[in-house]
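Note that the protein sequences, when read in sequence, are chains D and C. So the first sequence is numbered by the numbering used here: it starts at -14 and just counts up by one. So the second sequence is numbered by the numbering used here: it starts at -1 and just counts up by one.
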Amino acid sequence: MVKNSIVIFLLFLGLICNAQSSALFDQATAAYNDGAYEKAIDFYKTIMDSGEHSAALYYNLGNSYYKLNDIPNSIYFYEKALLLAPNDSEILNNLGYAQQMTLDAIETLPETGLSRLYKKTTATLSFDQWAYLGVGFMFLFVILYILFYYFQYSSRKRWAFIASLVSLTIAVITLLFAYIQYSDYKANRPAIIFADEIGIQAEPNTSSTEVFVLHAGTKVQVLEELNDWQKIRLADGKTGWVSSIHLKLLKDF
Amino acid sequence: MDFKKGIVFLSVFLFAFILKAQDAAAVTFEMKLSKSKLGLNERLRVDFTMNKDGDNFNPPDFAGFRVLMGPSQAISSSWINGVRSYSKSYSYTLAPTAKGKFTINQATIVIGGKTYKSLPENIEVTAAVDKPSDQMTADDVADENLHLVAEVSKTDPYMNEAITVVYKLYVSPSISVSNYQPLDNPKYNNFWSQDIKVTSLNAQNGTFKGKPYRFVILKRVVLYPQKSGKLEIEPLSLDVTVDVPTSKRDFFGGRVYAQTNKTVSAGNRTIDVKPLPLKNQPVNFNGAVGDFDFSVTTSKTSLNATESLQAVVEVTGKGNLKLFKLPELDLPSSLEVYEPEFTEGVRTTLSGMQGKVSNSYTVVPAFRGKYPLPSIPFSFFNPKTETYTTLNSEEIVINVLEGPSSATTNSAVTGLNKQNVIAVNSQFNFIKLNADLSPIGSTYFFTSNRFYLFLLAPLLFIPIAILFRKKRDAIASDVIGNKVKKANRLARRYLSKAKKELGNKDSFYVALEKALHNYLKAKLKIETSEFSKDKISELLLQKNVDEASVTGFVALLKNCEAARYSPFSDVQMQQDYEKASEVISLIDKQV
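The following block contains the structure:
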């Protein structure tokens, strides 16, 4: 009895929390529309502190910071929103606006046609979507194979067999894509530079030579870590070490 | 000669009598020596001068000297703008009698009832000199009376702190300079130098080593040391033509002047340049020393794309303005920026350079949006306060109101086709209104246990299906087993009610009878409950059912009827049930 009431209470609490969050979200929207961007940011941060997030939340935070001319923060939250909704055109559009404010111009390395094609193909769906697709084709394969086994006429048997083999192949390919996407996702550790101007060192210590200089808002890939230093790579292939206080990892959820 | 002098003195003396004595503010009485150091074969002239007439002049004893001439009196008096100036002097010419140091003691005089005393002075008499002053040539006199001096404003400046060197030519009133030309212009190695032109030579009065001289400023240079440590300034040499009075006099008693050329040079000067302190030196310090103001301004802050604006980085103030690089403007990489145009308006004066230097950047935004120009720092060293100062410009945000937008410069897009994906007329989007929140910390389907279960479990269905098919085939091929199975099934279908009532005599036989009739109804499609037993056996025989089965069936029906009126044991009931199922299956095969 007591247990039950606790469960009910928790359920209610959850409902209340949810209601609170959406109320806060609406308040934030109103504040943003009035131009009170700092207030809107406070509301959004409160929602985040309560353990909830969404692409829309991060996108709105990015917008608010953009309005306050806070470059690194706005890019940081746009990129975070893109992690949750990779192909959202609105987010990409506003991220473009925010990236105009950055100081660093980094040429991305040109990719070969083959790797671009394969990247493009694997990136059409998320690895979870690929996984669902693979499971679906596996089911189809099993059904078709059983049908092949049960059919009496040889013509039907042939069609069922061919169809089952095709679906098996598709299932294997989609699972491969899912795996590639997944390993890409795991290897991908983007971060945003927050320091206004920071020299990137050749080695993970302050006494080494400075390789190049980055400014706030630049997106980098984190490759390795040593103590409080992180090895980063730019889009143009340059690598160096930077103290971890100067950047913020995007994937902290 | 002395006679002439006497006449001059006398006439002046008489003239002085005509003038009324005027009260001067203060009475002075002093002794002047022509030199403080002389050779044994030279002569010394001692003058006692007072600015008011006095009595009872009492000269000192001149120990160590012999009086060659004197005392001779001279009086001069003049009126200038109503102020009377008066001077009277007693002169002696002395010859030393021995080498060594001597003191000329005090002389006394009574002026206006008070006794005044002159100050005693020391004189050093050295061995006989080659050229006694009264036999000096024009060159020697020029040497003694012509001096070139380099005056340095500061001998221990910081690096890049302005110092000035002023070259002055001191000329004694007794000689005159008729011409000069520089022989060697010094090179200021390790200095940044700027010459300040001297347009007109103005003779001014000054003193040099305590004696009255006239001087002229020949050259002024502002120097900025570019190196720390001891730096030497090369001397300046001049060739000067001078007119020197000789001891000869012309017919009218005036002196005959001799002309001579003289090379004078200012001595080497060493400047000890202090390095700029390294303590607290800002990182962005680029050598500016002085006192400056710093600003970054833009000609406009809001404009349309493809219009241009000017961003000006400007430093104004005093210091080495020409000697440091202006801080560079940090601009967003998406802005088109041209090489800055450098302008300077710097005046160099004796106190150093002052004015302003500026870099003007032409900026052309190509896309709509906001472009912040971040604040940039400028540091300089102030040698007066000996501290570093860092000034930060204000951050400026440029608003580009209209124009194409550079949407989607996502990292997935390569740099080459960056320009191609410009979506014209896409606005900065408003925030999203649907929260669509989910708890932070997502779990993924891929690689989860559920994923593997869903992926692999269907595969198990294949062997199951195969086994099932095999079993079914085996069952189909087993004929006898099938018949037994069918009978059992029939019995189950029709006798299930009777089986339930097994042991309960009345209801068991009612159910049994009903079951037998139901069976016939199902098999023959005829309602038989109202038929007689003969009719039933006839019907069954018509259907080619054998005799034994028919009699068995009829016997069962009879048993059912009989059971209503006579006691039946449980064993008999069981027997009847089994018989019924046997009969039903037998008939079923034949119908």
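For glycine and all other residues, C-beta sits at the position ideal for the given N, C-alpha and C. Only a predicted model underlies this, so the values are computations on that prediction, with no experimental measurement involved.
Item: Kindly list, in the order they appear in chain B, the residues whose Cβ is closer than 8 Å to that of VAL120 of chain D.; Value: Looking at the structure shown, chain B is missing, and the protein chains on hand are D and C.
Item: Would the segment 377 to 384 of chain C count as touching the segment 349 to 364 of chain C if we require 3 or more Cβ pairs under 8 Å?; Value: no
Item: So PRO514 of chain C and LEU554 of chain C are in contact, right, with Cβ under 8 Å, and what is the actual spacing, rounded?; Value: It should be pointed out that residue 514 of chain C corresponds to Leu in this sequence rather than to Pro. Their Cβ separation, rounded to whole angstroms, is 6 Å, which keeps LEU514 of chain C and LEU554 of chain C in contact under 8 Å.
Item: Mind pulling the beta strand (DSSP E) runs of 3 or more residues that sit fully within the segment 111 to 192 of chain D?; Value: 175 to 178 and 182 to 186
Item: Give the DSSP-derived three-state secondary structure of VAL552 of chain C in the structure shown.; Value: helix
Item: Among D:ASN18, D:GLY20 and D:TYR44, whose alpha-carbon lies nearest the alpha-carbon of ALA433 of chain C?; Value: D:TYR44
Item: Pull up the distance between the alpha-carbon of GLN5 of chain D and that of GLN12 of chain D, whole angstroms please.; Value: 10 Å
Item: Tell me which residues share the same chain as THR258 of chain C and place their Cβ nearer than 7 Å to its Cβ, disregarding the 5 neighbours each side in the sequence.; Value: ALA136, ASP137, ALA140, VAL240 and VAL242
Item: Can you find a CB in chain D that lies within less than 7 Å of the CB of ALA463 of chain C?; Value: yes
Item: Within 10 Å of its beta-carbon, does LEU219 of chain D have 16 or more other beta-carbons around it, so buried, or fewer, so exposed?; Value: buried
Item: For the candidate residues D:ILE155, D:TYR167 and D:ILE185, whose alpha-carbon lies nearest to that of ALA201 of chain D?; Value: D:ILE185
Item: Excluding the 5 residues flanking PHE133 of chain D on each side, which residues of the same chain have their C-beta closer than 7 Å to its C-beta?; Value: LYS142, ALA145, PHE146 and SER149
Item: Note down the Cα distance separating SER579 of chain C from ARG467 of chain C, rounded to an integer number of angstroms.; Value: 31 Å
Item: Where DSSP assigns a beta bridge to ASP221 of chain D, which residues make up the other side?; Value: The partner list for ASP221 of chain D (beta bridge, DSSP) is empty, contrary to what the question assumes.
Item: For ASP154 of chain C, which residues in the same chain have their Cβ closer than 7 Å to its Cβ, ignoring the five residues on either side in sequence?; Value: ASP270 and LYS272
Item: Would you mind giving the Cβ-Cβ distance between ASN188 of chain C and LEU229 of chain C, rounded to the nearest angstrom? I have them listed as a contact below 8 Å.; Value: 5 Å
Item: Relative to the C-alpha of LYS24 of chain D, which residue among D:PHE10, D:GLY36 and D:ALA66 is closest?; Value: D:PHE10
Item: Mind listing the chain C neighbours of TYR117 of chain D? Cutoff is C-beta to C-beta under 7 Å, in chain order.; Value: PHE443
Item: Could you give the first and the last residue of the continuous alpha helix (DSSP H) run that contains SER505 of chain C?; Value: 503 to 522
Item: Find out if the Cβ-Cβ distance for the pair ALA126 of chain C, GLY37 of chain C is shorter than 7 Å.; Value: yes
Item: Leaving out the 5 sequence neighbours to the left and right, which residues in its chain are closer than 7 Å to LEU324 of chain C when beta-carbon positions are compared?; Value: VAL311, VAL313, VAL355 and ASN357
Item: For the beta strand (DSSP E) containing ALA256 of chain C, list its first residue and its last residue.; Value: 253 to 263
Item: Take SER176 of chain C as the anchor and find which of C:GLU232, C:TYR255 and C:LEU234 has the nearest alpha-carbon.; Value: C:TYR255
Item: Keeping to the same chain, check which residues put their C-beta closer than 6 Å to that of ASN408 of chain C; ignore five residues upstream and five downstream.; Value: Note on ASN408 of chain C: pLDDT 39, under 50, position unreliable in the model; the coordinate value appears next. Counting only Cβ-Cβ distances below 6 Å, and skipping sequence neighbours, we find nothing.
Item: In the DSSP assignment, find the alpha helix (DSSP H) that holds ASP289 of chain C and state where it starts and stops.; Value: Counting along the chain, ASP289 of chain C falls outside any alpha helix (DSSP H), though it belongs to the beta strand (DSSP E) covering 288 to 296.
Item: The beta strand (DSSP E) spanning GLU119 of chain C covers which residue range?; Value: 119 to 124
Item: Would you say ASP34 of chain D reaches chain C, if we count a Cβ-Cβ gap shorter than 7 Å as a contact?; Value: no
Item: Just verifying my parser: in three-state terms, what is the DSSP assignment at LEU144 of chain C?; Value: strand
Item: Once the 5 residues before and after GLY401 of chain C are set aside, which same chain residues still bring their CB inside 8 Å of it?; Value: ASN302, ALA303, THR304, PRO363, ALA364, PHE365 and ARG366
Item: For GLU392 of chain C, list the residues DSSP reports as bridge partners.; Value: Note: GLU392 of chain C sits in no beta bridge, so no partner.
Item: Pull the bridge partners of GLY317 of chain C from the DSSP assignment, please.; Value: C:GLY288
Item: Would you kindly work out how many angstroms separate the C-alpha atoms of LEU146 of chain C and LYS35 of chain C, rounded to a whole number?; Value: 23 Å
Item: Can you grab the Cα-Cα spacing for the pair PHE459 of chain C / VAL127 of chain D, in whole Å?; Value: 7 Å
Item: May I ask you to verify whether the segment 288 to 302 of chain C touches the segment 202 to 212 of chain C, counting CB pairs closer than 8 Å and requiring at least 3?; Value: no
Item: I need the DSSP call for TYR178 of chain C, collapsed to helix, strand or coil.; Value: strand
Item: Classify ASN48 of chain D: buried if its beta carbon has 16 or more other beta carbons within 10 angstroms, exposed otherwise.; Value: buried
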